[in-house]
Amino acid sequence: MPENKWLEFFENFKFNLPVPYTIYADFESLIVKINSCAPDPERSSTVPIANHIPCGYAYVVIGPDGSFKKPPVVYRGENAVDHFLKTLLKKRKIY
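In terms of my numbering, the sequence shown opens at residue 9 and continues consecutively.
Encoded structure:
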């Protein structure tokens with residue numbers, strides 16, 4: 009057991025299961041500043057200064073042999089997170 013009891017290590021590699029497909033995804037977002045009042049200097053607080061608004065994503069499906077199964081998919085538009093999740097749910101039926 010390591011001295012730092014907060015660290016854990018995976019050692020039972022015999023329990024690893026290969027996965028047939030891997031999906032790598034990346035989201036892009038717009039950073040929109042938030043207009044707000046100055047915080048009270050007498051109190052500790054966290055002040056949000058910006059919102060990250062998802063505006064697009066890209067993903068690729070990699071097969072068990074390490075090859076691209078289809079060309080990378082790129083989406084730019086509103087509701088990027090919802091669109092991504094709906095797209096993945098459709099893809100799960102294919103793979």
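Every residue, glycine too, gets a C-beta built ideally from N, C-alpha and C.
Values in this document were obtained by computation on a predicted structure and should not be read as measured data.
Query, Result
"Helix, strand or coil for V27 per DSSP?", "coil"
"Can you pull the DSSP bridge partners for R51?", "BP columns for R51 are empty, so no partner."
"For V55, does the count of other Cβ atoms within 10 angstroms reach 16, so buried, or fall short, so exposed?", "exposed"
"Mind checking which residues open and close the alpha helix (DSSP H) that includes I102?", "A88 to I102"
"Is the distance from the Cβ of S37 to the Cβ of P72 below 8 angstroms?", "no"
"Buried or exposed: V89, going by 16 or more other Cβ atoms within 10 Å of its Cβ?", "exposed"
"Tell me the DSSP bridge mates of D73?", "Paired residue(s): none; D73 is not in a bridge."
"When every heavy atom of the ligand SAM is checked, does at least one fall within less than 7 angstroms of the C-beta of G85?", "In the structure on display, the ligand SAM does not appear, and there are no ligands present to speak of."
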